[in-house]
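Here the structure comes first, spelled out in structure tokens, and everything after it is commentary.
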Amino acid sequence: MITKNKKEVINSFLKEGFLISPDLFLDIPENFNFNEFVKITNTKISSKDKPIILNKDLFFVINKSENKLDINWIEFEKSKALLEKGKNGKIYETFLDILGYGVFEDKKNKLNRLLDEIKEPEEIDFSEIKIDPNVLVLESYNKKPSGKKVKDFVSYFRSRYEYIRKILQNRLELDNIMSINRIINKKDRDKVSLIGLVMSKDFTKNGNILLKVEDLSGSIDILINKNKEELFEIGKNIVLDEVIGINGLVGNKIVFVNNIIFPDIQINKEMKKCLEEVYVAFISDLHVGSNMFLSEEFSRFIKWIRGEYGNFKQRKIASKVSYLFILGDLVDGVGIYPDQESELSIKDVINQYRECARLLNEIPKHIKIIICPGNHDALRISEPQPILDEKYASTFYDLKNITLVSNPSLVNIHSSENFSGFDILLYHGYSFDYYVSVVDSIRNSGGYDRADLIMKFLLQKRHLAPSHSSTLYIADPEEDPLIIKKVPDFFATGHVHKASVSNYKNVTMICGSCWQSKTSFQEKVGHNPEPARVPVINLKTREIKIMKF
Ligand code: D5M
Ligand code: FE
Ligand code: ZN
Numbered sequence: 081m082i083t084k085n086k087k088e089v090i091n092s093f094l095k096e097g098f099l100i101s102p103d104l105f106l107d108i109p110e111n112f113n114f115n116e117f118v119k120i121t122n123t124k125i126s127s128k129d130k131p132i133i134l135n136k137d138l139f140f141v142i143n144k145s146e147n148k149l150d151i152n153w154i155e156f157e158k159s160k161a162l163l164e165k166g167k168n169g170k171i172y173e174t175f176l177d178i179l180g181y182g183v184f185e186d187k188k189n190k191l192n193r194l195l196d197e198i199k200e201p202e203e204i205d206f207s208e209i210k211i212d213p214n215v216l217v218l219e220s221y222n223k224k225p226s227g228k229k230v231k232d233f234v235s236y237f238r239s240r241y242e243y244i245r246k247i248l249q250n251r252l253e254l255d256n257i258m259s260i261n262r263i264i265n266k267k268d269r270d271k272v273s274l275i276g277l278v279m280s281k282d283f284t285k286n287g288n289i290l291l292k293v294e295d296l297s298g299s300i301d302i303l304i305n306k307n308k309e310e311l312f313e314i315g316k317n318i319v320l321d322e323v324i325g326i327n328g329l330v331g332n333k334i335v336f337v338n339n340i341i342f343p344d345i346q347i348n349k350e351m352k353k354c355l356e357e358v359y360v361a362f363i364s365d366l367h368v369g370s371n372m373f374l375s376e377e378f379s380r381f382i383k384w385i386r387g388e389y390g391n392f393k394q395r396k397i398a399s400k401v402s403y404l405f406i407l408g409d410l411v412d413g414v415g416i417y418p419d420q421e422s423e424l425s426i427k428d429v430i431n432q433y434r435e436c437a438r439l440l441n442e443i444p445k446h447i448k449i450i451i452c453p454g455n456h457d458a459l460r461i462s463e464p465q466p467i468l469d470e471k472y473a474s475t476f477y478d479l480k481n482i483t484l485v486s487n488p489s490l491v492n493i494h495s496s497e498n499f500s501g502f503d504i505l506l507y508h509g510y511s512f513d514y515y516v517s518v519v520d521s522i523r524n525s526g527g528y529d530r531a532d533l534i535m536k537f538l539l540q541k542r543h544l545a546p547s548h549s550s551t552l553y554i555a556d557p558e559e560d561p562l563i564i565k566k567v568p569d570f571f572a573t574g575h576v577h578k579a580s581v582s583n584y585k586n587v588t589m590i591c592g593s594c595w596q597s598k599t600s601f602q603e604k605v606g607h608n609p610e611p612a613r614v615p616v617i618n619l620k621t622r623e624i625k626i627m628k629f
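Below you can see the structure in the form of structure tokens.
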């Protein structure tokens with residue numbers, strides 16, 4: 081096509097009865113031989129019943145196919161129009177399959193390309209969308225922390241023990257639970273069940289796992305034999321300070337384990353869905369103020385959510401997003417890590433929040449934004465972290481579509497008179513670092529790249545940071561606010577700077593990605609962030625897409 085100008089190209093195709101689509105026009109190969117193409121076309125498509133519009137897919141099929149292409153071209157063109165209107169892509173796909181497209185190109189590639197290439201100029205009318213979003217904050221921590229007295233820690237662990245014991249007591253496997261002081265006085269070889277908090281974990285010189293667990297009456301040694309392979313693997317996942325159930329045999333004041341029971345969540349419900357097609361999006365770790373903040377990518381995201389970016393289908397989704405969750409690290413903060421100053425483009429935390437709020441202000445106001453803080457935000461680092469501080473983030477208090485909640489917190493969205501809504505457990509994820517480093521089964525399966533494994537692990541423990549040293553926390557003597565009390569519909573996190581989406585017993589586990597490129601620290605520790613990804617969920621179907629910006 082080197083010598084022909086645009087008009088000539090279009091005219092030559094017109095002469096042959098084809099209108100060429102803009103996508104094909106832009107993409108015609110340099111060495112394209114028009115006469116050859118006409119010859120091939122005539123051998124494959126009968127001249128009396130021809131397609132009118134020649135798009136990239138058809139062009140591709142005509143060039144590659146060895147067979148006669150004999151389908152109902154009118155229906156084919158209708159199906160393409162349906163796809164372009166964002167109504168139905170299935171029929172078009174089927175036609176392409178019949179034409180043998182799938183033989184030449186991987187189906188997944190094809191679909192991605194189709195999505196990328198539909199460029200509909202049509203504007204989306206936001207006023208058409210009638211969704212009544214609703215946000216209810218079920219749990220957001222707002223107590224003033226009391227002093228860190230030893231007796232507070234004792235009460236804190238006692239309240240954790242009591243709560244998780246109640247969950248475990250209902251398990252059929254634990255039918256005859258005994259207190260540890262009674263077990264110690266039992267004669268040898270008796271069968272026992274107990275519920276204990278793990279005080280220590282070691283390996284014996286023979287390679288067995290030795291735990292010391294305690295309840296309110298005392299403590300006892302627990303041995304998991306390395307020859308019971310399955311049990312031993314489960315035992316390796318036990319961490320300090322978690323509360324577990326044990327079945328075993330007593331012998332010489334040691335319990336030899338036959339079964340380990342975690343408080344785990346139970347699968348007892350269907351995946352909840354609502355009637356309207358409404359979407360929720362999850363982002364995390366903006367790190368505004370960092371000189372590695374990805375402003376271009378973030379502004380593409382903002383444009384998308386405003387309905388101004390992406391293909392027709394993608395913009396259509398944007399028009400139906402009613403909820404946006406932000407999972408912490410909104411700003412990079414100041415003095416968070418050594419020598420941070422040299423990596424900041426905004427050196428004052430108030431200005432960082434001001435800039436962040438300016439960006440979020442561009443999001444249409446019908447979208448409800450729910451924000452919890454993270455370890456870079458200007459707050460105490462001990463969890464629960466309260467809502468963003470008005471002293472630093474006053475600009476956030478002026479935006480009416482924003483709901484600020486603590487980290488962690490529990491939020492219900494989209495409830496109405498006839499629908500109970502979806503529960504979302506929010507947690508930034510500061511404790512994840514610890515579990516990536518101490519739990520073999522997570523570290524050896526990809527570590528930071530497997531937020532799904534960390535989240536599943538925590539759901540099984542019913543706790544966001546079971547081990548004392550896995551995060552800094554407020555030792556609330558009345559309750560342990562990091563226990564996962566209610567089983568949520570969504571468990572949403574961030575912190576690891578890589579998006580992931582998965583399902584565990586009908587809980588959708590989501591990790592937002594980040595909007596900061598790889599920091600020098602992450603480079604040093606071999607961390608692989610994957611920025612600018614946004615998990616978006618259709619609440620009518622629970623279908624999930626991860627969008628790239
Ligand atoms: O954390 C972003 C990511 O960087 C998080 O996944 C872990 C990694 N990171 C950050 N700090 C540490 C330390 N101290 N040890 C190991 N890994 C770390 P962010 O909270 O955004 O800084
Ligand atoms: Fe972060
Ligand atoms: Zn973080």
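Taking my numbering, I'd label the letters of the sequence shown as residues 81 to 629. Built from N, CA and C at the ideal position, the CB exists for glycine as well.
Measuring straight from C-alpha to C-alpha, what distance separates residue i and residue j?
i    : j    : result
P225 : N481 : 29 Å
L195 : E164 : The pLDDT assigned to L195 is 48, lower than 50, so where the model puts this residue is not dependable; a value taken from the coordinates is nonetheless given after this. Each residue's alpha carbon lies about 9 Å from the other.
I563 : S550 : 14 Å
E294 : R238 : 11 Å
S517 : F570 : 25 Å
I314 : S159 : 52 Å
F373 : Q432 : 11 Å
K604 : M627 : 28 Å
I154 : F362 : 41 Å
K308 : L290 : 14 Å
K188 : T174 : At K188, the pLDDT of 48 sits below 50, so the modelled position is not reliable and the matter cannot be decided from this model.
E356 : N152 : 35 Å
S486 : S521 : 30 Å
D344 : I247 : 9 Å
G606 : Y417 : 18 Å
K448 : S379 : 18 Å
L320 : L296 : 17 Å
G331 : I264 : 9 Å
K541 : V616 : 27 Å
F499 : N214 : 11 Å
E476 : V576 : Here residue 476 turns out to be Phe, not Glu, going by the sequence shown. Cα-Cα distance, rounded: 24 Å.
Going by alpha carbons, who is nearest to residue i out of the options?
i    : options                   : result
S259 : S399, L274 and K266       : L274
V278 : K393, R245 and K271       : R245
V614 : Y417, S593 and E623       : S593
I257 : P561, I324 and I125       : I324
S511 : P488, H494, S521 and I493 : P488
K585 : L216, S145, E350 and V330 : E350
S495 : S235, V576 and C354       : C354
P453 : R460, K445, Y477 and G408 : G408
S101 : L138, R530 and N214       : L138
L254 : E435, D177, N339 and I590 : N339
K148 : D129, K578 and D268       : D129
L544 : N317, Y507 and D268       : Y507
S280 : R269, E310 and K316       : K316
So, is residue i buried or exposed, given that buried needs 16 or more other C-beta atoms within 10 angstroms?
i    : result
H367 : buried
D282 : exposed
I397 : buried
K427 : exposed
L538 : buried
E88  : exposed
P464 : buried
D560 : buried
H675 : Here the chain covers residues 81 to 629 and nothing more, so residue 675 does not appear.
E623 : exposed
P568 : buried
E116 : exposed
K400 : buried
F629 : buried
R161 : Here the sequence assigns Ala to residue 161, which means Arg is not the residue at that position. A161 comes out exposed.
R240 : buried
Cβ of residue i less than 8 Å from any chain B Cβ?
i    : result
L274 : Structure shown: chain B not included; a single protein chain is present.
Legend entry - Exercise answer, beta-carbon shell around ligand 3 heavy atoms below 5 Å: D409, G454, N455 and H575
Legend entry - Unbroken stretches of the alpha helix (DSSP H), 4 residues or longer, contained in the region 491–549: 512–518, 520–523 and 531–541
Legend entry - In chain order, each alpha helix (DSSP H) run of at least 4 residues that lies wholly inside the region 93–155: 102–107, 114–124 and 136–144
Inset, instruction - May I have a chain-ordered list of the alpha helix (DSSP H) segments no shorter than 4 residues that lie completely inside the region 203–273? - result: 230–249 and 260–264
Legend entry - 4 or more residues per run - each alpha helix (DSSP H) lying fully within the region 403–489: 429–440 and 470–477
Legend entry - Length at least 3, wholly inside the region 333–388: the beta strand (DSSP E) runs in chain order: 334–341 and 359–363
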